[in-house]
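Okay, structure coming up:
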């Protein structure tokens, strides 16, 4: 994935040692520290300490971490959210969408510091290597600021109505595939089943694009509302949102087409799709939907302005009448606006 244009995913719950507040996500090691000072200290760490920090984070050792862990792999984010929700049913698990290009320049793909050749016979090292490789884990030191976060949605809202059809079982209840108990190699088998859904359900490219676009808009709905209220015109709104929403929808729809190696590898029909054509089509569709949303927003805003104008006009007319001034047919003209 192009890390400059794509999205990171972060799964948040009370069981994850990362704190979220109005300043974004902060790593557990630094939740009570000055962020600027913490970043300076982090940059002074020697490579050996950094590698051990990565091993602890990827291996889920449980010690306070200097990183906020994210993933470039959407299926892993969905699988992890389901696993956390099932283990803590009263918890409010959320999935956050993060613009990769907007996070700290110190962020890196975990696999970069876990080359297999370093400890070829170390089982723990091999396990962490495979984990980081499968889940495309991206580690962000210290903090992810709020400007990088374009969506934070409760998992229960996603799983109940917004999952693409290839993440659902084929039974009448259409539960998320991530609820299936796979036993050993569960995440790999989950990936396998997701791809099999394309062939068993004959998911077309148009269906996949539609599902991806719907989920993308759902994930960033609150952010889009903020953009609508903060932009001065349609051009500014489109420039702030179109590329991000398109990239998000594209990341969702392209995943089944990516090469999947290993014991549970499955080749599905999505591999034959033309990704450039899909991206171009999604761009047009996203722009069309954003235009509709802008037009609806401006229509409501202008109608409110007009109502306020008429109400103010009537108040002025009443005051003029009280002063004995003849306002003629101005009152009738205001009433004809039928606001």
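In the numbering used here, the protein residues as written are 2 to 340. The beta carbon of each residue, even a glycine, is placed where N, CA and C say it ideally should be. Computed from a predicted model, the values in this text were never measured in an experiment.
Proximity below 7 angstroms, CB of residue 160 to CB of residue 97 | no
Practice task
Quick one: measure Cβ to Cβ for residue 218 and residue 195, integer angstroms, because I've assumed they're closer than 8 angstroms.
Solution key: Going by Cβ atoms, the distance from residue 218 to residue 195 rounds to 21 angstroms, so no, they are not a contact pair.
Span of the beta strand (DSSP E), counted from its first residue to its last, around residue 287
In this chain, residue 287 is not harboured by any beta strand (DSSP E); it is covered by the alpha helix (DSSP H) spanning 276 to 323.
Please list, in chain order, all residues of the same chain as residue 243 whose beta carbon is under 8 angstroms from its beta carbon, the five residues on each side excluded. 284, 287, 288 and 291
- prompt: If you pair each beta-carbon of the region 188 to 208 with each one of the region 254 to 265, do three or more pairs fall below 8 angstroms?
  reply: yes
**Prompt:** Given 8 angstroms as the limit, is there contact between the region 142 to 149 and the region 99 to 113, that is, 3 or more CB pairs closer than that?
**Reply:** A contact is defined here as three or more CB-CB pairs under 8 angstroms, and the region 142 to 149 meets this definition with respect to the region 99 to 113.
| query | When DSSP labels each residue in this structure, what does residue 341 get in the three-state scheme? | reply | What is shown of the chain runs 2 to 340, which leaves residue 341 out entirely.
Under 8 angstroms Cβ to Cβ from residue 169, same chain only, skipping five residues before and after it: list those, please.
175, 176, 177, 178 and 198
C-beta atoms of residue 152 and residue 221 nearer than 7 angstroms:
yes
List the residues that DSSP assigns as beta-bridge partners of residue 144. Per DSSP, 27.
| said: Only counting the same chain, and skipping five residues up and downstream in sequence, which positions put a Cβ closer than 8 angstroms to that of residue 323? | reply: none
May I ask you to report which of helix, strand or coil DSSP gives residue 152? strand
Backbone CA spacing between residue 81 and residue 115 [nearest angstrom] = 22 angstroms
With the cut-off set at 7 angstroms, would you say residue 111 and residue 138 are in Cβ contact? Yes; because the gap between Cβ atoms is below 7 angstroms, this pair is in contact.
Quick check on residue 327: buried or exposed, where buried means 16 or more other Cβ atoms within 10 Å of its Cβ? exposed
Requested in this report: Rank 337, 280, 29 and 92 by C-alpha distance to the C-alpha of residue 69 and give the top, closest one.
Outcome: 29
Problem - Where residue 2 falls: helix, strand or coil (DSSP) - result: Unreliable placement is indicated for residue 2, whose pLDDT of 36 sits below 50; the coordinate value is still reported in the next sentence. Residue state, collapsed to three classes: coil.
So who's on the other strand from residue 68, going by DSSP bridges?
142
Could you tell me whether the Cβ atoms of residue 136 and residue 74 are closer together than 7 angstroms?
yes
message: For residue 247, report the span of its alpha helix (DSSP H) as first-last.
response: 235 to 255 is the span of the alpha helix (DSSP H), which, as asked, contains residue 247.
Discussion item. Just to confirm, is the Cβ distance from residue 36 to residue 71 under 7 angstroms?
Written reply: The Cβ atoms of residue 36 and residue 71 do not sit closer than 7 angstroms to each other.
> In terms of alpha-carbon separation, which member of 214, 77 and 315 lies closest to residue 282?
Replying inline: 214
Residue interval of the alpha helix (DSSP H) (run including residue 137): Taken as a continuous stretch (DSSP letters only), residue 137 belongs to no alpha helix (DSSP H), as it is neither H nor E.
Worksheet item: Among the residues of its own chain, which have a CB less than 6 angstroms from the CB of residue 269, if the five just before and after it don't count?
Response: 196, 199, 200 and 257
When the Cα atoms are used, what is the spatial distance from residue 140 to residue 312?
55 angstroms
Q) Since residue 59 and residue 129 are thought to touch, with beta carbons under 8 angstroms apart, how far apart are those beta carbons, to the nearest angstrom? A) 4 angstroms
### Query
What number of angstroms, rounded off, separates the C-alpha of residue 231 from the C-alpha of residue 225?
10 angstroms
Checklist line | Residues of its chain near residue 124, where Cβ-Cβ distance is below 7 angstroms and the 5 sequence neighbours each way are ignored | finding: none
Practice problem: Compare the beta carbon distance of residue 190 and residue 265 with 7 angstroms and say whether it is the shorter of the two. | Solution: yes
Check: How big is the Cα-Cα spacing for residue 309 and residue 300?
Finding: The straight-line gap from Cα to Cα measures roughly 14 angstroms.
Collapsed DSSP secondary structure at residue 15 in the structure displayed:
The predicted position of residue 15 is uncertain, since its pLDDT is 44 and thus under 50; a value taken from the coordinates is nonetheless stated next. Looking at residue 15 - three-state DSSP - the assignment turns out to be coil, as it is neither helix nor strand.
### Task
For the alpha helix (DSSP H) containing residue 261, list its first residue and its last residue.
Segment: none, residue 261 is in no alpha helix (DSSP H) and carries neither H nor E.
Practice task
Put residue 165 into one of helix, strand or coil per three-state DSSP.
Solution key: coil
I'd like the list of long-range same chain contacts for residue 274, defined as Cβ closer than 6 angstroms, with 5 residues on each side in sequence excluded. 206 and 258
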